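These notes concern the structure reproduced below.
Protein chains: 2
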Amino acid sequence: MATIRDVAKLAGVSVATISRYLNKTGYVNIDTELKIKKAIETLNYEPSSVARGLAGKQTKTIALILPDISNPFFPELARAVEDVASTYGYTVIFCNSDDQGAKERTYIELLKKKYIDGIIFASNTLNKHDAEQINVNGIPIVCLDRAPDNHICSVVRSKNREGARLAVEHLLESGCRKIAHIYGPRDLITAQERMKGYEDAVKSLPWYSPSLMVPGNFRIDGGMQATETLLHGHPDIDGIFAGNDLMAIGTLKALHRMQIRVPDQVKVCGFDGIQMAEIMEPELTTVAQPIYEMGAIVSRLLIKKIEGSLDTNEIYELDVTLVPRKSTQKEAQL
Amino acid sequence: MATIRDVAKLAGVSVATISRYLNKTGYVNIDTELKIKKAIETLNYEPSSVARGLAGKQTKTIALILPDISNPFFPELARAVEDVASTYGYTVIFCNSDDQGAKERTYIELLKKKYIDGIIFASNTLNKHDAEQINVNGIPIVCLDRAPDNHICSVVRSKNREGARLAVEHLLESGCRKIAHIYGPRDLITAQERMKGYEDAVKSLPWYSPSLMVPGNFRIDGGMQATETLLHGHPDIDGIFAGNDLMAIGTLKALHRMQIRVPDQVKVCGFDGIQMAEIMEPELTTVAQPIYEMGAIVSRLLIKKIEGSLDTNEIYELDVTLVPRKSTQKEAQL
DNA sequence: CGTATATGTGGTACCGGTTACACATTCAAT
DNA sequence: ATTGAATGTGTAACCGGTACCACATATACG
C-alpha cells in the first residue's frame with residue numbers, strides 16, 4: 093500500500109499539499125492538483141482510515157447496539173441504519189447486548205477505545221448514568237424508544253400509547269366485547285406505554301378487570317403461555333391485544349392448539365409490523381411501526397450530531413398505522 | 093483520555109516498558125509491574141485501538157458481508173458471528189451487498205482502508221478475481237456456501253445436494269407421487285446443488301419431467317408465483333420441494349389461496365430451517381441447516397487464520413437435518 | 001507606492017501506540 | 001575469573017495521516 097509520502101515524492105510536492113488536496117482544505121494550484129491526481133492514480137493510493145483516525149478525529153464508524161439481531165424486529169432496523177450510514181460514508185459495527193447492562197458497558201468501553209464516532213442505542217437497559225458516562229467522553233448517542241433521561245440524547249420512538257389505543261378501538265369496532273392484553277417486560281418503556289394505551293381505551297368499559305392484563309415476555313413462547321392463562325381465567329374473551337407481534341404470533345399458535353378459531357371466536361391484534369405478521373395464517377392484524385424509517389431517521393440524526401450540524405436533543409415521535417388483516421376480520425355480513 | 097506516556101510518567105518508567113507490560117511481550121520486573129498497574133488504575137488508562145492499529149498490525153475488527161440482513165436467514169448467522177467474534181475480542185462490521193458485485197467491491201475498498209483483519213463472505217457474487225484481489229492485500233477471507241475457487245479461501249457450507257435428496261425422499265415416504273421443485277437463482281451454488289439433489293432423487297421415477305422444475309427467486313413472492321405456474325401446468329402435483337424456506341412459505345400461501353389443503357392434497361417441504369418455518373400454519377417441514385453453527389465455525393476459522401494458527405484452506409461441509417412437521421404429515425392411519 | 005489580502009506550498013510536530021536496538025545487571029556454568 | 005544467557009529497562013524511529021505555522025508571490029485597494 094502506498095502512503096501519502098510516496099504520493100508526495102512522486103508528485104514532487106510535500107505531504108501537506110497532498111493532504112490539503114485530499115481534504116479540500118486550503119489552496120492547491122490547478123497544475124499541482126493534476127500532478128497529484130496522476131500520482132495517486134499510478135500508485136493506486138488510498139488514504140488509510142486508521143492513520144486518519146489517529147491523527148484527526150473521525151473514524152467514520154458508528155456502532156449499533158441492539159438487544160439481539162435475531163429478534164425479527166431488528167434486522168430491518170439494522171438494514172436501515174447500515175443503508176444510510178453507508179451513503180454518508182460511515183461503517184457500522186453491531187453489538188448484541190441481550191439487554192444486559194454489563195454487556196452494554198463492555199461494548200461501550202471497547203467502542204471508546206476504537207474512537208467510534210457515535211452510538212445508536214436500540215437497547216433498553218441504557219440508564220442515565222451510562223448515558224452520561226458516554227457523554228462525558230463526547231461521543232454522540234441517539235436512542236431508540238427509550239430516553240435515558242430528558243435531553244441527554246435525542247430519541248426516536250413511535251406513538252406506542254396511541255397505537256395501543258388504536259388497536260383496542262379496532263378490536264372493539266370489529267365486534268369484540270371483552271378484550272385482554274398481554275404486556276411485555278415491565279422494564280421496557282414501550283411495553284409500559286402500550287399497556288397504558290390499552291388501559292386508556294378499556295378502563296371505562298363495564299367488563300374491564302385488571303386480570304385481563306397478563307404478562308408475556310415479548311417472545312412467542314410468552315405469548316402462548318399468556319394466552320393459555322388468559323383463556324383459563326376468562327373463557328369468554330373474544331379479543332386479544334398483544335404487546336408485540338411475536339407474542340401475538342404465540343397467541344395465534346396457542347389458540348390454534350386450543351382449537352379456538354381466529355377471527356371467528358377470538359380476534360387478535362399485535363404491535364410492531366414485522367414481516368412475520370403477514371405470513372401468519374390467519375394473517376395478523378397489527379399496529380405497524382415504521383421500522384425502516386425509524387432506523388433511517390435515527391442514523392441521520394446521529395450523523396448530523398457527529399458532523400456538528402445538530403446540537404440540540406430532540407424527541408421524534410413517529411406515527412404508527414393500524415394494518416387490518418384477517419385476524420380481526422368481522423364475520424362476513426351475509 | 094490518558095495516553096501511554098501519561099502512564100509512563102506516573103509510573104516512572106518508559107513507554108516501552110508499559111507497552112511490554114500491556115502486551116506481555118518481553119520482561120517486566122514484578123515491582124515495576126505493580127507500579128504500572130497502579131498508574132493505569134489511577135489514570136483510568138485504556139490503550140487506543142486506533143493507535144495500535146496504525147502502529148501494529150491488528151485492528152481486532154472483522155467484516156461480515158452478506159446480501160441482506162433482513163433476509164431471515166442471516167440474522168441468526170450474524171448473531172453467531174458476532175458472538176464468537178466478541179468472545180475473541182473482535183468487533184464486527186456488517187455490510188449489505190444485495191448480492192451486487194459493485195457494492196461488494198466498494199465495501200472491500202473501504203474495509204481495506206480500515207485495516208480490517210479479515211472478511212467473512214456470506215454473499216454470493218464474490219468471484220475468483222475479487223477474492224484474489226483481497227488475497228493480494230493479505231486479508232484473510234472465509235466464505236459461506238460459495239467457493240470463489242478451489243483453495244483460495246476456506247469455505248463453510250452445508251450438504252445442499254444431500255439435503256435436497258433427503259427432502260424428496262421424505263416427501264415420497266409421506267406418500268407423494270408427483271413432486272415438483274421450485275429452484276432458486278441459477279447463479280447461486282446452493283440453488284444449483286439443491287436442484288441437483290432433487291434430480292438425483294426423482295430422475296429415474298416414471299412421472300419425472302423437467303417441467304416439474306420451475307424457477308423462484310428465493311423469496312416469498314417467487315414461491316407464490318412458481319406455485320401458481322406449477323399447479324397450472326400439473327394439477328396433479330401432490331408434493332412440492334421448495335429450494336428454500338421463504339419460497340416454501342410462498343407456496344403455502346399460494347396453496348391456501350387456491351384452497352388447496354396442506355398436507356392433505358399437497359405436501360410441502362422447504363430448506364434452511366429459518367425460525368419462520370416453525371410458526372407457519374401448517375408448520376413447515378424443512379431441511380434445516382445448522383445456521384448458528386455455520387456462523388460460529390466460519391468466525392472461528394477466520395480468527396484462526398488471522399492469528400496465524402491456520403494457513404490451509406479447507407472446506408467444511410456441515411450436515412443438514414430433516415425436520416418433519418405438519419406440512420408433510422401423512423393422513424392419519426385410521 | 002505601501003499595505004492588506006488572497007493564493008500556494010513546505011516543514012514538521014503531533015496523534016498514541018509498537019518494537020528494534022542498545023545497554024545494564026544478575027546469575028549459573030565452565 | 002570469564003563467559004554467556006536470562007532478566008530488565010530506556011531511546012527513538014516508525015506506522016500514515018493532519019494541521020499549525022512560516023514563508024513566498026500575486027493581486028487589489030486607498
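Sequence order for the protein chains is A and B.
Position one of the first sequence corresponds to residue 93 (the working numbering), numbered consecutively onward.
Position one of the second sequence corresponds to residue 93 (the working numbering), numbered consecutively onward.
All C-beta atoms, glycine included, are put in the ideal place defined by N, C-alpha and C.
Every value quoted in this text rests on a predicted model; they were computed, and no experiment measured them.
Beta-carbon contacts of residue i that lie in its chain and below 7 Å, excluding the five residues immediately before and after
i       : result
P232(B) : G210, L394, K397, I398
N252(B) : T282, E285, R286, G289
Pairwise C-alpha distance: residue j and residue i
i       : j       : result
E125(A) : M93(A)  : 21 Å
D123(B) : V99(B)  : 15 Å
M305(A) : R311(A) : 16 Å
D337(B) : L344(B) : 10 Å
V354(B) : E373(A) : 12 Å
K204(A) : G308(A) : 36 Å
S266(B) : L202(B) : 51 Å
G145(A) : I208(B) : 14 Å
E138(A) : L414(B) : 49 Å
E168(A) : Y119(B) : 50 Å
G314(A) : C361(B) : 28 Å
E133(B) : G193(A) : 22 Å
V105(A) : G104(B) : 42 Å
M316(A) : M350(A) : 11 Å
F186(A) : R269(B) : 48 Å
Nearest residue (CA-CA) to residue i, options the options
i       : options                            : result
K152(B) : I157(A), L156(A), K149(A), V142(A) : V142(A)
R197(A) : T183(A), F166(A), I157(A), A177(A) : I157(A)
R171(B) : S189(A), Y182(A), S401(A), T179(A) : S189(A)
V408(A) : V234(A), S401(A), I366(A), Q317(A) : For the record, residue 408(A) in the displayed sequence is Tyr; it is not Val. The option with the nearest alpha carbon to Y408(A) is V234(A).
E174(A) : S178(B), E174(B), D160(B)          : D160(B)
D292(A) : A194(A), F165(A), H273(A)          : H273(A)
I366(A) : K359(A), V379(A), V360(A)          : V379(A)
T217(A) : Y300(A), K127(A), L236(A), F165(A) : L236(A)
T179(B) : S419(B), S246(B), T420(B), R392(B) : R392(B)
L297(B) : I271(B), G181(B), N229(B)          : I271(B)
W299(A) : I329(A), T321(A), T319(A), P277(A) : I329(A)
P164(B) : L102(A), K295(A), M368(A)          : M368(A)
D403(B) : G335(B), S246(B), L258(B), R269(B) : S246(B)
V412(B) : S401(B), D191(B), G255(B)          : G255(B)
I332(B) : L135(B), L264(B), D279(B)          : L264(B)
Rounded Cβ spacing between residue i and residue j (contact assumed at less than 8 Å)
i       : j       : result
I352(B) : L376(B) : About 15 Å; that fails the 8 Å criterion.
I128(A) : Y113(A) : 5 Å
I154(B) : Y182(B) : 5 Å
I244(A) : N405(A) : 7 Å
Chain-order list of residues whose beta-carbon lies under 8 Å from that of residue i (same chain, five-residue window excluded)
i       : result
L410(A) : V248, R249, S250, K251, Q381, P382, E385, M386, I389
N121(B) : none
H348(B) : V354
S303(B) : G325, H326
Within-8 Å CB hit, residue i to chain A
i       : result
M372(B) : yes
P167(B) : yes
Y113(B) : no
G145(B) : yes
E196(B) : no
P298(B) : no
K204(B) : yes
T188(B) : Residue 188(B) is actually Asn in this sequence, not Thr. Cβ-Cβ to chain A under 8 Å: yes for N188(B).
I449(B) : Only positions 93 to 426 of chain B appear in the structure, and residue 449(B) is not among them; the question remains open.
R171(B) : yes
Residue i: CB within 7 Å of a non-hydrogen atom of the ligand MN
i       : result
K127(A) : What this structure holds is no ligand at all, so the ligand MN is not there to describe.
Short CB-CB distance (under 8 Å) between residue i and chain B
i       : result
L347(A) : no
R97(A)  : no
G193(A) : no
Y207(A) : yes
P382(A) : no
P139(A) : yes
V142(A) : yes
S162(A) : yes
T183(A) : yes
A334(A) : no
M368(A) : yes
E174(A) : yes
E201(A) : yes
Contacting residues, own chain, Cβ-Cβ under 6 Å from residue i (five flanking each side not counted)
i       : result
R238(A) : N216, I281
S419(A) : V354, P355, V360, P374, L376, T377
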